[in-house]
Amino acid sequence: MSTTSESSVQMRYARIAGFVYLLLIVLFMGGQFLIDHVTGSGAFAERTAHIIAGLPLYRAALVMQFLASVFTVLLAYSLYVVLKSVDEHIARLALYFRLGEAFGGLTTFVTFAALALRTEPKFTQSLDTGQLKALLDLAHAADFASFNIGIVFFSFGSTLFYRLFLRTPYLPRALSAFGIFASVLTFVMAVTCLVMPAWGDALQVVWIPIFIAEIATGILLLVRGARPVPATTFVR
1433 MSTTSESSVQ
1443 MRYARIAGFV
1453 YLLLIVLFMG
1463 GQFLIDHVTG
1473 SGAFAERTAH
1483 IIAGLPLYRA
1493 ALVMQFLASV
1503 FTVLLAYSLY
1513 VVLKSVDEHI
1523 ARLALYFRLG
1533 EAFGGLTTFV
1543 TFAALALRTE
1553 PKFTQSLDTG
1563 QLKALLDLAH
1573 AADFASFNIG
1583 IVFFSFGSTL
1593 FYRLFLRTPY
1603 LPRALSAFGI
1613 FASVLTFVMA
1623 VTCLVMPAWG
1633 DALQVVWIPI
1643 FIAEIATGIL
1653 LLVRGARPVP
1663 ATTFVR
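First residue of the sequence shown? That's 1433 in our numbering, and the numbers climb one at a time after it.
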């Protein structure tokens, strides 16, 4: 591949990665906002009534979060293309970890199954409230566990990609180092949630650093791209 062609490909994929970084945050956070908005507050029966009333919007929110997993594949491949010239083995390993995270999105069917249990008459009429709540609690526990397992894969992949960025001039070194720190924090959070699920709500603040890192990374890659540089430029 010619230098000009390589530069064009790397620049294109860097900007794709930047765009997808931002898109994933919009999809995931937007989906969660809609879920919370539709569900509202109140007792179990009240929240169920809210969900039934806003069912299309609730389903759209679940689809948004599923699409975040789908687009994670594109992000992972784009970052691999941008960073493989730094260290192809590490870039490939990071790609595999992020793919593991993305495949965790297949467990979205659990959330859709829980929604069906809660809203479809053939289920609500054949189960009493206690049975229904028990099944929904089980579905929630499965979804919570699969989400945090996916975050473990995410944290390894994100740490490795930011480690590669640290060796390049593509991002400010301070941002790359902060990205590594934020990614490690998500690992600690996910493992803690798996061991101590009751701490889940209190640990949500740990998301803030990685959101800051990914928003900054997305903006810089989208605006600046990443031009190929001589291998001697990379820090070991």
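Quick reminder that beta carbons are idealized off the backbone N, C-alpha and C, glycines included.
Per DSSP, what kind of secondary structure is K1516 in: helix, strand or coil? Looking at K1516 - three-state DSSP - the assignment turns out to be coil, as it is neither helix nor strand.
Between A1493, H1469 and G1536, which has its C-alpha nearest H1482's C-alpha? H1482 has its Cα closest to that of H1469, out of A1493, H1469 and G1536.
Closest by C-alpha distance to A1669, when choosing among T1591, A1630 and D1519: Beyond the ends of the chain as shown, which are 1433 and 1668, falls residue 1669; an answer cannot be given.
Would you identify the three-state DSSP class for R1659, choosing helix, strand or coil? In the structure shown, R1659 sits in coil (DSSP, three-state: anything other than H, G, I, E or B).
Quick check: what's the CA-CA separation for K1554 versus Q1563? Whole-angstrom Cα-Cα distance: 14 Å.
Could you tell me if L1511 is buried or exposed, where buried requires 16 or more neighbouring beta carbons within 10 angstroms of its beta carbon? With 16 or more other CB atoms across the displayed protein chains lying within 10 angstroms of its CB, L1511 is buried.
Please report the distance separating the alpha-carbon of T1561 from that of A1545. Near 17 Å, if we compare the C-alpha coordinates of A1545 and T1561.
Give me the Cα-Cα distance between K1565 and F1529, rounded to the nearest whole angstrom. Roughly 34 Å between the two C-alpha positions.
Helix, strand or coil at P1604 [DSSP, three-state]: Coil, per DSSP.
What is the rounded straight-line gap between the Cα of G1589 and the Cα of A1492? In a straight line, the C-alpha of G1589 is about 28 Å away from that of A1492.
Inter-residue CB distance, A1523 and L1596 (contact presumed, cutoff 8 Å): With 8 Å as the limit, A1523 and L1596 qualify as a contact, their Cβ atoms being about 6 Å apart.
Measure the beta-carbon distance from L1527 to A1508 and round it to whole angstroms, keeping in mind my assumption that it falls under 8 Å. Sure, about 5 Å apart at Cβ, within 8 Å.
Do the region 1609 to 1622 and the region 1576 to 1589 touch if we need at least three Cβ pairs shorter than 8 Å? Pairwise C-beta distances place the region 1609 to 1622 in contact with the region 1576 to 1589, as three or more of them are shorter than 8 Å.
Residues near E1478 in its chain [Cβ-Cβ closer than 8 Å; skip 5 each side]: Cβ within range, chain order: G1472.
Would a C-beta distance cut-off of 8 Å place A1645 and A1614 closer than the cut-off? The answer is yes: Cβ separation under 8 Å.
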